[in-house]
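For the sequence shown, numbering that gives the first Met the number 0 gives the first residue as 0, with consecutive numbering after it.
A virtual CB, placed ideally from N, CA and C, is assigned to each residue, including glycine.
Data first, discussion second: the structure below is written as structure tokens.
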Amino acid sequence: MRGVVIVCVVLGLALAAGLGVSAPDAPDGFALSQRCPPSFEQTVAGTCSLRTLYEMYDSVQDKGLGGTQTSLPDHRDGFSPQQIDLGRYLFFDPALSADGSISCASCHHPDQGFSDGLPRSVGIGGRQAARAAPTLWNVAFLDSFFWDAHAASLEEQAAGPLFAPAEMGNTPQQLLATLNGNRAYRAMFRQAFAQRAGEAIELEQVYQALAAFQTSLISLNSRYDRYAHGFHAALTPPEIEGLNIFRSFVARCAECHTPPLFTNQQVAVIGAPEPEGLPFDPGAQAVFGADKLRGGFKVPTLRNVALTAPYMHSGLFDNLRDTAAFYNGGRGHAVPEGENLHLHWHITSPDLTDYELDRLVDFLGTLTDESLKPRVPVRVPSGLTPINHPAREQIATTQSIPGESS
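The structure is reproduced here in structure tokens:
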């Protein structure tokens with residue numbers, strides 16, 4: 000088994016070496032890759048298909064709930080290398096926002112686990128969003144999106160921030176005018192979507208390209224994964240203790256944060272409090288109209304969780320230790336007075352010791368894997384700075400950002 004892992008790592012490096020092979024006649028110096036990203040295989044149809052060691056396992060139930068050698072759900076495949084690379088340029092281009100000040104990467108920064116390190120994301124003009132920015136790692140395996148699960152596809156998810164007033168604040172008309180007015184983008188869309196000269200860029204193509212890029216954000220080669228595939232020396236004894244606690248019927252972490260995605264993709268009501276002074280967030284109740292979902296949010300993946308502080312939908316907890324300790328406080332201990340929430344039945348009082356909480360945090364650190372982090376474009380067709388957020392820097396002087404000085 001160890002030999003298989005080594006072969007696959009070498010294969011991934013070889014594929015990575017080929018990334019960036021570009022088409023001739025690049026518009027204004029911008030060339031879309033003709034090769035699939037690392038860990039993807041190009042099919043005879045010219046699309047990219049993900050390949051992972053988890054394909055060796057037959058079923059998500061092979062090794063029981065929370066088992067290490069279980070298969071992945073279906074991955075959203077079917078995009079061409081050109082569509083994926085076009086999405087990369089769009090993702091990092093601030094021209095997609097109304098005032099050209101922020102890109103998708105401003106709130107989903109590749110160096111911060113594709114989150115932004117803020118309790119609540121900051122949009123154009125310093126406007127604050129209602130919730131923290133969730134990570135985008137492994138979103139291609141998910142069946143719903145956003146904290147309240149209101150989007151059913153990556154395309155729908157991509158459209159949301161573009162036109163939300165507190166986020167990128169754009170309009171469909173302005174976005175299309177910006178892109179169609181850019182000679183480089185017109186040529187790049189023609190290449191990615193086989194358009195004829197003179198055909199206008201359409202919104203659905205923008206959504207599709209952004210979705211295509213996000214399908215390439217794969218994190219499945221952490222030290223935990225190497226352990227799961229049979230290389231037990233990948234984890235230290237304290238980390239293995241943490242894994243055992245994570246999977247235990249006392250802590251029950253794996254029942255919601257189920258390997259290998261470390262999410263069961265369900266909406267759960269756990270009774271996490273809001274930051275002081277903020278109103279109660281109804282979560283998924285506002286989307287689905289079900290009282291039992293009041294205060295419910297999608298169970299987030301724990302992949303790269305050590306990089307995505309602060310935690311919970313509201314960014315309430317600054318570190319993993321405090322987040323884990325929240326579950327030790329007792330069922331419903333933080334539910335506001337007057338709220339009668341239908342708490343998830345897995346929420347109990349595990350009464351973990353300080354030692355056990357520390358080992359749990361040790362294990363969570365083994366889920367970090369940025370080996371397939373995409374390259375940030377040196378420049379984008381708009382000429383704007385790919386990752387730039389002046390309003391965020393202003394907010395940073397008044398909000399505490401974990402890992403940064405305030």
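In chain order, what residues of the same chain lie with their CB nearer than 7 Å to the CB of residue i, ignoring the 5 residues before and after it?
i, result
"Gly17", "Because Gly17 sits at a pLDDT of 37, beneath the cut-off of 50, its placement in the model cannot be relied upon, and the point is left open."
"Arg330", "Leu342, Ile346, Thr347 and Ser348"
"Asp350", "Asn327"
"Val334", "Gly270 and Leu340"
Apart from the five residues just before and just after residue i, which ones in its own chain have a Cβ nearer than 6 Å to its Cβ?
i, result
"Phe212", "Ile83, Gly86, Arg87 and Phe90"
"Phe192", "Gln204"
"Pro23", "Unreliable positioning characterises Pro23 in this predicted model, as indicated by a pLDDT of 39, which lies under 50. The coordinate reading is nonetheless provided below. Cβ within range, chain order: n/a, list empty."
Relative to the C-alpha of residue i, which residue among the options is closest?
i, options, result
"Gly270", "Ser96, Asp98 and Asn339", "Asn339"
"Thr307", "Tyr223, Arg119 and Gly276", "Arg119"
"Ala142", "Ser152, Trp136, Leu135 and Leu315", "Residue identity differs from the one stated: residue 142 is Asp in this sequence, not Ala. Answer by Cα proximity: Ser152."
"Arg343", "Val375, Gly295 and Ala183", "First, the amino acid is wrong: residue 343 is His here, not Arg. Looking at the Cα atoms, Gly295 is the closest of the given residues."
"Gln68", "Met55, Asp115, Ala158 and Ser79", "Met55"
"Arg378", "Val138, Tyr184 and Gln41", "Tyr184"
"Thr384", "Asp110, Leu31 and Ile101", "Ile101"
"Gly159", "Ala186, Asn179 and Ala128", "Ala128"
"Arg302", "Phe113, Gly276, Pro164 and Phe29", "Phe113"
"His341", "Arg374, Lys291 and Ala186", "Lys291"
"Gly364", "Gln190, Ser221 and Arg330", "Ser221"
"Thr300", "Leu31, Ala44, Val334 and Pro258", "Pro258"
"Asp92", "Pro80, Cys106 and Arg251", "Cys106"
"Phe230", "Leu52, Pro274, Gly382 and Gly276", "Leu52"
"Cys47", "Pro72, Ser70 and Gln81", "Gln81"
"Pro272", "Arg126, His256, Arg293 and Ala285", "Arg293"
"His228", "Val43, Gly66 and Ala44", "Gly66"
"Gln41", "His256, Ser79, Ala333 and Leu277", "Ser79"
"Phe279", "Asp27, Arg50, Glu336 and Ala289", "Glu336"
Taking C-beta to C-beta, are residue i and residue j nearer than 8 Å?
i, j, result
"Leu219", "Asp368", "yes"
"Leu175", "Leu202", "yes"
"Pro36", "Asn181", "no"
"Ser38", "Leu371", "yes"
"Trp146", "Pro164", "no"
"Gln207", "Glu254", "no"
"Ala324", "Leu356", "yes"
"Phe29", "Met187", "yes"
"Ala210", "Ala250", "no"
"His312", "Ala150", "no"
"Phe248", "Leu359", "no"
"Glu238", "Phe362", "yes"
"Ala410", "Val266", "Because the chain here runs from 0 to 405, residue 410 falls outside it and cannot be looked at."
Report back the beta-carbon spacing between residue i and residue j to the nearest angstrom; my notes put them in contact at under 8 Å.
i, j, result
"Leu216", "Leu315", "Wrong, their Cβ atoms sit about 25 Å apart, outside the cutoff."
"His74", "Ala139", "5 Å"
"Thr446", "Val298", "Nothing can be reported for residue 446: it is not among the residues displayed for the chain, which extend from 0 to 405."
"Gly168", "Ile123", "4 Å"
"Pro109", "Pro373", "7 Å"
Only counting the same chain, and skipping five residues up and downstream in sequence, which positions put a Cβ closer than 8 Å to that of residue i?
i, result
"Ser21", "With a pLDDT of 38 at Ser21, under the threshold of 50, the predicted position of this residue should be treated as unreliable, and no value is reported."
"Ala104", "Phe90, Phe91, Val375, Pro385 and Ile386"
"Asp61", "Its pLDDT being 47, under 50, Asp61 is placed unreliably by the model, and the measurement read from it follows with that caveat. Excluding sequence neighbours, Asp61 sits near Gln68, Thr69 and Ser70."
Check whether the Cβ of residue i lies closer than 7 Å to any heavy atom of the ligand COA, and answer yes or no.
i, result
"Gln81", "Within the structure as shown, the ligand COA is missing, as the structure has no ligands at all."
- Item | Three-pair Cβ contact test at 8 Å for the region 224–234 versus the region 90–106 | no
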